[in-house]
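*Asks:*
Number of protein chains: 2
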Amino acid sequence: MSTAVPRLRFRDARIEMAHGAGGKASRRLVEGLFAPLLLGASPGPLGDAAHVSCNGSRIAITADSFVVRPLRFPGGSIGELAVNGTVNDLAVSGAKAEALVVTWVIEAGLATETLEAEVRAMAAAAERAGVMIAGGDTKVVEHGKADGMYITMAGFGQPIAGVSIAPRSVQPGDKVLLSGPVGDHGITILLARGELDLEADLRSDTRSVLPLVTALAAAAGPGIRWMRDPTRGGVATALNELARDCGAGIHLLEAAIPVHDCVRGACELLGLDPLHIANEGQFLAVVAPEYAEAGLAALREAPGGAEATLIGEVHGEPPATVLGTTGYGGTRVIDMLVGDPLPRIC
Amino acid sequence: MSTAVPRLRFRDARIEMAHGAGGKASRRLVEGLFAPLLLGASPGPLGDAAHVSCNGSRIAITADSFVVRPLRFPGGSIGELAVNGTVNDLAVSGAKAEALVVTWVIEAGLATETLEAEVRAMAAAAERAGVMIAGGDTKVVEHGKADGMYITMAGFGQPIAGVSIAPRSVQPGDKVLLSGPVGDHGITILLARGELDLEADLRSDTRSVLPLVTALAAAAGPGIRWMRDPTRGGVATALNELARDCGAGIHLLEAAIPVHDCVRGACELLGLDPLHIANEGQFLAVVAPEYAEAGLAALREAPGGAEATLIGEVHGEPPATVLGTTGYGGTRVIDMLVGDPLPRIC
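Those protein sequences? They're chains A and B, same order as listed.
The working numbering applies: residue 10 is where the first sequence begins, and numbers increase by one.
The working numbering applies: residue 10 is where the second sequence begins, and numbers increase by one.
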């Protein structure tokens with residue numbers, strides 16, 4: 010960090026919901042304000058977790074705040090999401106979560122049973138993910154603030170041997186793998202709010218992806234160039250960030266991307282693209298071509314990976330762009346999420 | 010963590026402000042609900058940071074949420090507090106902060122200049138404290154929900170060689186050291202809210218205590234039994250927690266405890282005890298008697314430690330109690346903070 014005052018590119022006068030949605034506005038805020046002031050002059054591509062040296066070892070560190078509304082939804086709840094989301098941020102950075110520290114901002118007047126349910130959900134998710142909760146902190150704010158509760162989860166992990174993630178190592182010929190169907194989490198949250206007159210038999214996909222990442226690493230570790238869990242902003246935003254960071258063109262076979270019928274239906278009704286919808290239990294990986302077949306097979310054999318699929322390939326052109334090949338042979342540019350059609354899904 | 014359902018001792022039906030105030034109600038919530046479900050059956054005394062093994066090394070980890078209101082106050086602001094508070098939690102656990110990860114929960118509509126001021130305050134505090142900011146996360150919530158912003162800071166550090174903190178190692182004869190005057194932060198925040206018709210020339214004491222902890226460790230490292238930064242709940246609560254954890258009686262010389270006149274005056278007017286008021290740039294240490302003189306001298310010679318003082322001694326009796334000797338020769342029991350006279354001071 011330098012005492013010189015960096016020039017800031019972020020010019021929006023106020024912070025709006027879109028700045029937290031994980032799409033273009035979020036990226037402008039991070040790259041134009043947070044990164045130059047906090048991370049130094051050239052932090053490089055920003056991943057889901059940072060790998061730093063501490064006491065002679067490499068450790069992976071991450072932290073995320075969770076403000077999902079409602080607190081409980083089909084398939085999960087904020088407490089479970091906080092554990093899985095943090096374990097997953099570490100996993101896709103190439104690290105196994107070892108310990109979590111949780112902080113609570115609780116709204117005064119919250120029923121203890123509501124809090125207890127989330128503490129239990131958190132404990133159960135941590136046990137399933139094989140991670141220890143090592144400590145925490147609690148603040149209480151006045152009634153009317155904080156929507157019941159906000160949770161922040163810090164996570165610490167150790168790098169998975171033989172896995173090295175670097176967006177700039179992605180190159181033409183690499184294959185894009187996806188762990189399973191997209192959009193379940195975001196559409197579940199949208200329906201759970203009850204603001205739309207829609208019903209569907211749909212559940213959040215929240216889970217730890219560490220077992221899948223571990224299976225992929227065992228079969229294709231040296232070939233893994235990049236991984237990401239496509240949460241806010243969805244698959245489209247995650248791959249656009251990669252395309253920008255590596256400068257390549259990413260060509261997707263749209264027909265190959267698994268989307269549950271009710272997610273596709275809800276998106277059509279609402280004018281949304283399933284590739285912009287948030288996921289909580291899926292991840293994307295770019296692997297070197299000679300590792301793609303073995304990696305995909307390993308994913309499919311791992312529990313929860315039956316729907317893993319190869320969804321695209323990296324090309325030299327067009328630069329820094331994501332292209333989709335539609336089912337009818339046409340192509341379209343797939344952009345990052347713009348605005349915030351689905352606020353507060355995690 | 011076990012799948013058996015632990016019996017919970019926390020019986021309050023709702024979460025109230027006092028549960029976040031750092032006193033008795035906070036302790037009941039942590040010990041009766043969070044610890045049994047999240048930390049396992051017998052987590053032992055809960056410190057400011059956890060020391061865990063990761064990738065073959067010991068690392069110290071902590072996380073705290075900051076919800077101080079107002080965001081800026083004489084002597085500091087929420088961004089600076091988040092850095093210093095986290096560095097200090099690590100320092101008093103016997104660790105040097107190496108990296109921080111910051112998460113922001115921002116209220117929609119916040120002026121960018123307000124956010125930028127806190128980002129700059131954070132960067133400056135991190136530079137002063139010699140700690141790197143390694144990453145972060147941003148969420149935005151609707152207008153009215155988050156008092157401008159809440160900040161959560163996760164911190165990672167490496168243990169300071171030769172320092173081992175264990176409340177249960179505290180024993181009769183040990184000396185209690187305090188780094189400087191108490192109550193400045195809490196009373197500054199109270200006055201900054203403008204709800205009281207009081208004015209005083211007072212500033213928050215927010216700062217990194219790491220230089221002082223380092224000086225103490227260099228002079229008296231093997232003699233340090235326990236350290237704590239007396240934030241929410243103040244000196245009285247921190248020492249009561251220690252008394253409970255070690256079972257001893259802690260005798261304080263109240264006349265020896267430095268309190269600025271305006272803090273004492275405000276406390277008298279408001280019926281508060283300065284020992285219950287939060288501090289952000291002070292710490293307590295219990296040291297073995299043979300190290301007390303050297304430790305105190307080292308503190309006083311270190312920058313910012315001129316007012317360090319010996320404030321008490323550990324006795325065998327009365328068990329698990331903090332006693333104060335008043336200026337007139339009497340004694341009183343000094344209890345933990347009860348209720349929440351000063352909400353949201355950090």
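C-beta: ideal position from N, C-alpha, C; glycine also.
1) Mind listing the chain C neighbours of B/Y337? Cutoff is C-beta to C-beta under 7 Å, in chain order.
2) Report the three-state DSSP secondary structure of B/V111 (helix, strand or coil).
3) List, from N- to C-terminal side, the alpha helix (DSSP H) runs of 4 residues or more that fit wholly inside the stretch 13-42 of chain A.
4) For B/R234, decide whether its Cβ has a neighbour in chain A, counting only Cβ atoms nearer than 8 Å.
5) Please determine if the stretch 165-183 of chain B and the stretch 115-125 of chain B are in contact, where contact requires at least 3 C-beta pairs separated by less than 8 Å.
6) Rounded to whole angstroms, what is the Cα-Cα separation between A/L332 and A/E116?
7) Output yes or no for whether 8 Å exceeds the beta carbon distance between B/G321 and B/L278.
8) Considering only residues of the same chain and omitting the five flanking positions on each side of A/E263, which have a CB-CB separation below 7 Å?
9) Alpha carbon to alpha carbon, how far is B/V218 from A/I198?
10) Would you call the CB atoms of A/A287 and A/L351 closer than 8 Å?
11) Under a Cβ-count criterion, where at least 16 other Cβ atoms within 10 Å of its own Cβ denotes burial, should A/H152 be classed as buried or exposed?
12) Mapping the DSSP letters down to three states, classify B/H194 as helix, strand or coil.
13) Can you check DSSP and say which residues form a bridge with B/E116?
14) Give the straight-line distance between the Cα atoms of B/A135 and A/E107, rounded to the nearest whole angstrom.
15) Using the beta-carbon count (16 or more within 10 Å), is B/A27 buried or exposed?
16) Is B/I286 close to chain A? Criterion is C-beta to C-beta, closer than 8 Å.
17) With a CB to CB cut of under 6 Å and the five nearest residues on each side skipped, what residues in its chain are close to B/M10?
18) Can you tell me which residues form a DSSP beta bridge with A/C63?
19) Out of A/V96, A/A58, A/K148 and A/T147, point me to the one whose CA is closest to A/T223's CA.
20) Taking the beta carbon of B/E250 as the centre, do at least 16 other beta carbons fall within 10 Å, making it buried, or is it exposed?
21) Give me the Cα-Cα distance between B/Q291 and B/G339, rounded to the nearest whole angstrom.
22) Among all the DSSP beta bridges, which residues are the ones paired with A/R8?
23) So which residues of chain B does A/M131 contact, with C-beta pairs closer than 7 Å?
24) Excluding five sequence neighbours on each side, which residues of the same chain lie with their C-beta closer than 6 Å to the C-beta of A/R78?
25) Within a Cβ cutoff of 7 Å, which residues of the same chain sit near B/C355, ignoring the five residues on either side of it in sequence?
26) Suppose the cutoff is 6 Å on Cβ atoms and the five residues either side in sequence are ignored; what does the same chain contact list for A/P301 look like?
27) Report yes if the CB atom of B/S213 is closer than 8 Å to the CB atom of B/P312, and no otherwise.
28) Using a C-beta to C-beta distance shorter than 7 Å, which residues of chain A count as neighbours of B/I142?
29) Identify the residues that DSSP records as bridge partners of A/V331: which are they?
30) In terms of residues, what are the limits of the beta strand (DSSP E) holding A/I87?
31) When the Cα of A/M345 is compared with those of A/S35, A/R18, A/D238 and A/R23, which residue comes out closest?
32) Considering only DSSP beta bridges, list what A/T340 is partnered with.
33) Over what stretch of residues does the beta strand (DSSP E) that includes B/L346 continue unbroken?
34) Taking the beta carbon of B/T12 as the centre, do at least 16 other beta carbons fall within 10 Å, making it buried, or is it exposed?
35) Given a cut-off of 8 Å on the beta-carbon distance, is the pair A/M236 and A/V101 in contact?
36) If you follow the beta strand (DSSP E) that A/T318 is in, where does it begin and where does it stop?
*Replies:* Let's see:
1) Looking for chain C here will not work: the only protein chains present are A and B.
2) strand
3) 33-38
4) At a cut-off of 8 Å between beta carbons, B/R234 makes no contact with chain A.
5) no
6) 44 Å
7) no
8) G333, T334, T335 and G336
9) Cα to Cα, B/V218 sits roughly 44 Å from A/I198.
10) Taking 8 Å as the Cβ cut-off, A/A287 and A/L351 qualify as a contacting pair.
11) It is exposed - the Cβ of A/H152 has fewer than 16 other Cβ atoms within 10 Å.
12) helix
13) Answer is B/V150.
14) 26 Å
15) buried
16) Interface flag for B/I286 against chain A is unset, since no Cβ pair is found closer than 8 Å.
17) Bear in mind that a pLDDT of 43 at B/M10, under 50, signals an unreliable position, so the model cannot answer this.
18) A/S66
19) A/V96
20) buried
21) Going by the C-alpha atoms only, they are around 27 Å apart.
22) Outside the shown range of chain A, which is 10 to 355, sits residue 8 of chain A, and nothing can be said about it.
23) Identification of chain B residues near A/M131 by a Cβ-Cβ cut-off of 7 Å yields L47, ordered along the chain.
24) D156 and R353
25) F75, V77, L90, G94, T240, R241, A287 and E289
26) Residue identity check: residue 301 of chain A is Ala in the sequence provided, not Pro. So the list reads K184, once near-sequence residues are dropped.
27) no
28) L47 and L48
29) Looking at the DSSP output, A/V331 bridges to A/I259.
30) That residue, A/I87, is in no beta strand (DSSP E); its alpha helix (DSSP H) goes I87 to V101.
31) The shortest Cα separation from A/M345 among A/S35, A/R18, A/D238 and A/R23 belongs to A/S35.
32) A/T334
33) No beta strand (DSSP E) contains B/L346, which DSSP labels as neither H nor E.
34) Here B/T12 scores only 48 on pLDDT, less than 50, and its place in the model is too uncertain to base an answer on.
35) yes
36) For A/T318, the uninterrupted beta strand (DSSP E) segment begins and ends at T318 to H324.
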